[in-house]
Ligand SMILES: Cc1cc2nc3c(=O)[nH]c(=O)nc-3n(C[C@H](O)[C@H](O)[C@H](O)COP(=O)(O)OP(=O)(O)OC[C@H]3O[C@@H](n4cnc5c(N)ncnc54)[C@H](O)[C@@H]3O)c2cc1C
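Numbering (our numbering), first residue to last: 127 to 600.
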């Protein structure tokens, strides 16, 4: 059967992989010029590896991603190491998350002990001057509970704000969790449910992974793999509308009663030449874009479904990347969590080259400064130069020796659909991937739950929607 997929991100490509396995003919429409979607990267002159436009890493627990990498024969290029994550407190950075071997160096086997992550967190918390002993015990015990429990459905009935205040206490909440919630969810910070936080604590590992060559190299491999098996990927091809044609010109046994779908595409920039533009018809369509775009592409969806889509809230992301000729963090820290009330104009500073060697980037040291924001925030309206000028002075807070002359290049990336917001009882608000219109499917980051959105879960989602879609062929 003939299937159209809108989007060559992780969801669309993973779905294509399985639909091809099931013997279907697949066409993927992609507005961008390469596969990978939000996880795509770019290469500056002199770099051997690509850099993700938005910081990306995998966790050791990302089983679906690893399975797919194995199936396409590139598992050996997924590599892990353990860069250091720190939190800001009164002018200094402290490590509060890490493996047990961080506390007992030279004993790597301790990381394999059950609950080793929570024990490590408790021990690291003992050294954190922001906590007293009671705080440390509450932090350790509540953290251990979250790792052990699987009952996220009970946790989604309450907000993370209420649960963490109650069980971890005001100080631990104020120093650790509130900055994270405010940074990630802005005005929605106190409305996010506790299952989302549970999923983060449960699934995240101190071991972080990437792909040899960068995430872009992984998505290039995945795209090449599906193309080799017959999928057509139309890059620089933006879908403008998806409409159902009620009467099938010809019926066949397996799809009788299903409408055909017309997909109309345009070049993203006027004047771009691509012979594939125009309209093509399909038996099934899978859309993997934002809910807002889905609403625009298929306005004839029933009002109830459209209402559910418009109830799904999300935040955008703004990222500035600085390429420096010096290392920024003297201690070699990778991920810096920053509280907004400490006056940083961004949520996180992430020195990529403390995770992946700067040798792959012509010796440049690459620093992301990133934030999740509502689209009405002034940072979205600022020019690239204005944003860089706003973010730059803060770099001195990570290294007093920093000098603006260290900056060799900058890049700015903005994305309107970056972080879905899961409210209380969110599982009831997720629209079914099989829409009420026969033959039309929708799978987006907003469907990933209770886990926080990520490429691993996009792969899982893509494979799940492919199974649902294939099942409709009887
Ligand atoms: C700041 C940030 C940091 C992140 N960090 C991590 C991380 O560390 N690890 C991790 O695993 N994940 C991370 N993620 C999440 C990860 O990027 C996403 O979960 C994943 O890429 C989603 O894949 P997707 O295919 O569902 O969507 P997308 O990647 O958004 O793919 C959708 C595709 O559809 C295309 N498209 C849109 N409109 C049209 C149209 N009209 N016609 C044709 N094509 C269209 C887009 O160009 C895009 O390629 C991060 C995301 C952000 C924003």
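Ideal Cβ placement from N, Cα and C applies to all residues, glycine included. Keep in mind it's a predicted model, so treat the numbers as computed, not measured.
Rounded C-alpha distance that separates residue 466 from residue 283
27 Å
List the residues that DSSP assigns as beta-bridge partners of residue 276.
The partner list for residue 276 (beta bridge, DSSP) is empty, contrary to what the question assumes.
Cβ contact (3+ pairs, closer than 8 Å) linking the region 284-291 and the region 316-324
yes
Measuring only the C-alpha atoms, how far is residue 82 from residue 316?
Outside the shown range of the chain, which is 127 to 600, sits residue 82, and nothing can be said about it.
Endpoints, the beta strand (DSSP E) within which residue 130 is located:
128-132
Compute the Euclidean distance between the alpha carbons of residue 480 and residue 560, then round it to the nearest angstrom.
43 Å
Do you know how far the Cα of residue 134 is from the Cα of residue 361?
9 Å
Boundaries of the beta strand (DSSP E) in which residue 481 is found, first to last residue
Counting along the chain, residue 481 falls outside any beta strand (DSSP E), and DSSP gives it neither H nor E.
Ligand 1 heavy atoms versus the CB of residue 312: any closer than 7 Å?
Every heavy atom of ligand 1 is 7 Å or more from the Cβ of residue 312, so no.
When DSSP labels each residue in this structure, what does residue 141 get in the three-state scheme?
helix
Could you tell me which residues DSSP pairs with residue 545 in its beta bridges?
441
May I ask whether a heavy atom of ligand 1 can be found less than 7 Å away from the beta carbon of residue 320?
no
Within 10 angstroms of its Cβ, does residue 582 collect 16 or more other Cβ (buried), or is it exposed?
buried
Identify every run of the beta strand (DSSP E) within the region 454-535, keeping only runs that are complete inside it and at least 3 residues long; order them along the chain.
461-463, 474-477 and 491-499
Per-residue DSSP class, three states only, for residue 379
Because residue 379 sits at a pLDDT of 47, beneath the cut-off of 50, its placement in the model cannot be relied upon, and the point is left open.
Following the continuous alpha helix (DSSP H) through residue 220, name the residue where it begins and the one where it ends.
Unbroken run through residue 220 is the beta strand (DSSP E), 218-223; no alpha helix (DSSP H).
Does the beta-carbon of residue 554, which I'm using as the reference point, lie nearer than 7 Å to any heavy atom of ligand 1?
no
Checking 8 Å against the spacing of the C-beta atoms, do residue 414 and residue 138 come in under that value?
The answer is yes: Cβ separation under 8 Å.
Is residue 419 close to chain D, meaning its C-beta is less than 8 Å from at least one C-beta of that chain?
The structure shown has no chain D; it contains just one protein chain.
Going by DSSP, which residues form a beta bridge with residue 178?
Checking the DSSP bridge columns, you'll see residue 178 partnered with 167.
Could you tell me whether the region 419-430 touches the region 496-506, using the rule of 3 or more Cβ pairs below 8 Å?
no
Using CA coordinates, which residue listed in 487, 187 and 130 is at the minimum distance from residue 173?
487
Just mark residue 271 as buried or exposed, buried being the case when its beta carbon has 16 or more other beta carbons within 10 Å.
exposed
Taking all protein chains shown into account, do 16 or more other C-beta atoms lie within 10 angstroms of the C-beta of residue 600, making it buried, or fewer, making it exposed?
exposed
Flag residue 581 as yes when its Cβ comes closer than 7 Å to any non-hydrogen atom of ligand 2, and as no otherwise.
With respect to ligand 2, the structure shown offers nothing to examine, as its ligands consist of ligand 1.
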